[in-house]
Amino acid sequence: MISEPHIYILSQAHNASTFIPAHIPLLYTHSYASSIPNWYAIYPIFSSIIDQYSQLKWLFICEPQTRFNLTKLIEFSQKTKDLYIGHGLYDTEPSIIHHYSFSFDNPYPDFSSGTLISRNVLSLFIDRFQSYTKPIDFIIDIKYELNQLINELTNTKLTDKSKLFCNEYKKNCLTWYEGQYDYLCERKDIQLDDLYFGIKTYIKYHKIRIDLLKKTWLNNKLHYDLFTNEINETIDNKNERFIITKENTNRGHCHKTFTILNYFHKNKENFQFLIIADDDTLLSVKRLLELIRCFMLSNDIPMVLGERYGYGNYYDYPTGGSGMIFNRQAVQQILSNCECPTPDTPDDMFLGLCLKRLNIQLTHIRELHQAQPNAYSKEWLQHQKPISFHKFEDINVEEIYQTYLYEKFPQSHHEKDEF
0 MISEPHIYIL SQAHNASTFI PAHIPLLYTH SYASSIPNWY AIYPIFSSII DQYSQLKWLF
60 ICEPQTRFNL TKLIEFSQKT KDLYIGHGLY DTEPSIIHHY SFSFDNPYPD FSSGTLISRN
120 VLSLFIDRFQ SYTKPIDFII DIKYELNQLI NELTNTKLTD KSKLFCNEYK KNCLTWYEGQ
180 YDYLCERKDI QLDDLYFGIK TYIKYHKIRI DLLKKTWLNN KLHYDLFTNE INETIDNKNE
240 RFIITKENTN RGHCHKTFTI LNYFHKNKEN FQFLIIADDD TLLSVKRLLE LIRCFMLSND
300 IPMVLGERYG YGNYYDYPTG GSGMIFNRQA VQQILSNCEC PTPDTPDDMF LGLCLKRLNI
360 QLTHIRELHQ AQPNAYSKEW LQHQKPISFH KFEDINVEEI YQTYLYEKFP QSHHEKDEF
């Protein structure tokens, strides 16, 4: 079962485990977090699974909200001649997160509907992966990248059985996904006024991107500042919340990000949580607040939430464009122990390296997205409530926001404005 070493996710996984009989071995992927690099990519733990379960015939990969008819699933596995089976997802256009591949007819699995991999495929994969020499530079989309490796190393394609491995319950389904994640934790100790937003921008984009943020999620009720290299006094609104960082880099942005961290630490002591976003990040503020209420369970333990990418076998990091979320304790530890090597060091990657040094766990939030909606399978997006998307090029920004992210706060909230 795909899991994270966080109590909220573990509670979801525990609830799911009640549907699994005691005689069926159940492994949580997070249990390998301290011992196997890139455990979250799944394939690095294959060897341990095979070694631990010598009688294993099938590996069933699922998520905490995956449900199944165990009797029928076992019967199916005993009869099928296929070796790698699940609910197939398809790209309809080249996607940046899939390295602009044109393999539109090659399905990859939706783990939320459950995926079966035979022992024969696992064993062949393990054997050939030992001599695999192609560098794995980045880990971005684990379901897609695992599928690519299985295809390449075992010459086995996913058999798409979407009518049996379903993304919602239907009468003939062997497996199905039970609903969307709703981060509904009844807590009154965290309100919108506890959130501070630091937005990275640049003088060239003040009138283009910031205006679009104002038309979508950047409501004046929010506590935020715009961190920029300079302002144009003849064009920029004098009442806008600009903070001048004086230094700008074409890429990397480590200096600007650490300026935000320092500013939050020294000047925003009344706020518990820091959200760092780009000036082309779209957010659902309501869902973001709900997420924080469920995941930020302690002010004493450093916590960082983000969309996880992996850098080779070295470390994982929160993608900057999708939004990075810190509690105050995490900010304090980062500032006390880490310093940008250069102003243009990639900020999110350096933060990942810093978190690894400090042994601060990054919690992956799949509803945060580093790319635009068209980079993801439409079917996969349908069974989640996105919290963010990134990049404004070649899209109708307001339409994307209304379609995927817009949601009202309940009228009972004092933050009743629309976000």
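When the letters of the sequence shown are read in order and numbered with numbering that gives the first Met the number 0, they come out as residues 0 to 418.
Even glycine gets a Cβ: it sits at the ideal position worked out from N, Cα and C.
This structure is a prediction, so every number in the text was calculated from the model and none was measured.
- Put simply, the segment 170 to 177 touches the segment 62 to 72. At least three CB pairs are less than 8 Å apart.
- Between the alpha carbons of residue 116 and residue 81 lies a gap of roughly 9 Å.
- In this structure the segment 297 to 312 does not lie against the segment 238 to 247, because fewer than three pairs of beta carbons, one per stretch, are closer than 8 Å.
- Cβ contact annotation for residue 37 (same chain, cutoff 7 Å, sequence separation greater than five): 43, 138, 309 and 312, in chain order.
- By a beta-carbon distance limit of 8 Å, residue 48 contacts residue 26. Their separation comes to about 7 Å.
- Residue 352 places its beta carbon less than 8 Å from that of residue 314.
- Excluding sequence positions up to five before and after residue 334, its CB lies within less than 8 Å of the CB of 257, 260, 261 and 264, all in the same chain and listed in chain order.
- Remark: C-beta atoms of residue 124 and residue 61 do not approach each other more closely than 8 Å.
- Taking the Cβ atoms as the reference, residue 271 lies roughly 4 Å from residue 193, within the contact range of under 8 Å.
- Collapsing the DSSP output to three states places residue 349 in a helix.
- When the alpha-carbon of residue 74 is set against those of 88, 92 and 57, the nearest one is in 57.
- Beta-carbon to beta-carbon, residue 120 and residue 281 are separated by about 39 Å, too far to satisfy the 8 Å threshold.
- A Cβ-Cβ distance of about 18 Å is found for the pair residue 343 and residue 197, leaving them out of contact under the 8 Å criterion.
- Taking C-beta separations shorter than 8 Å and ignoring five residues to either side along the sequence, the partners of residue 338 in its chain run 257, following chain order.
- Excluding its 5 nearest sequence neighbours in each direction, residue 94 has C-beta neighbours in its own chain below 7 Å: 374, listed in chain order.
- Following the DSSP letters along the chain, one finds residue 256 inside the alpha helix (DSSP H) bounded by residues 253 to 266.
- In the structure shown, residue 101 falls within a coil segment according to DSSP collapsed to helix, strand and coil.
- Between residue 231 and residue 209, the alpha-carbon positions lie close to 14 Å from each other.
- Here residue 326 is buried, its C-beta having at least 16 other C-beta atoms within 10 Å.
- By DSSP's assignment, residue 330 forms no beta bridge with any residue.
- With a cutoff of 8 Å on beta-carbon distance, residue 164 and residue 112 are scored as near each other.
- Residue 211 and residue 285 have their C-alpha atoms roughly 18 Å apart.
- DSSP places residue 18 in the coil class of the three-state scheme, outside both helix and strand.
- Apart from the 5 residues on each side of it in sequence, residue 14 sits with its Cβ closer than 8 Å to the Cβ of 63 in its chain, given in chain order.
- With fewer than 16 other Cβ atoms from the protein chains shown falling within 10 Å of its own Cβ, residue 183 counts as exposed.
- Within the DSSP secondary-structure output, residue 295 pairs in no beta bridge.
- Between residue 381 and residue 365, the CB-CB gap reaches or exceeds 8 Å.
- In this structure residue 321 does not touch residue 361 by the C-beta definition: roughly 12 Å separates them, more than the 8 Å allowed.
- Going by beta carbons, residue 253 and residue 341 fall inside the 8 Å limit.
- Residue 387 sits buried, since 16 or more C-beta atoms from the chains shown fall within 10 Å of its C-beta.
- Residue range 272 to 277 is occupied by the beta strand (DSSP E) that includes residue 277.
- Cβ contact annotation for residue 16 (same chain, cutoff 7 Å, sequence separation greater than five): 25, in chain order.
- The beta strand (DSSP E) runs lying completely inside the segment 349 to 413 and spanning 3 residues or more are 361 to 363 and 387 to 389, given in chain order.
- With respect to residue 302, residue 329 sits close: the two C-beta atoms are nearer than 8 Å.
- Spatial neighbours of residue 167 in its own chain (CB-CB distance under 7 Å, excluding positions within 5 residues in sequence) are listed in chain order as 175 and 176.
- For residue 66, the enclosing beta strand (DSSP E) stretches over residues 65 to 67.
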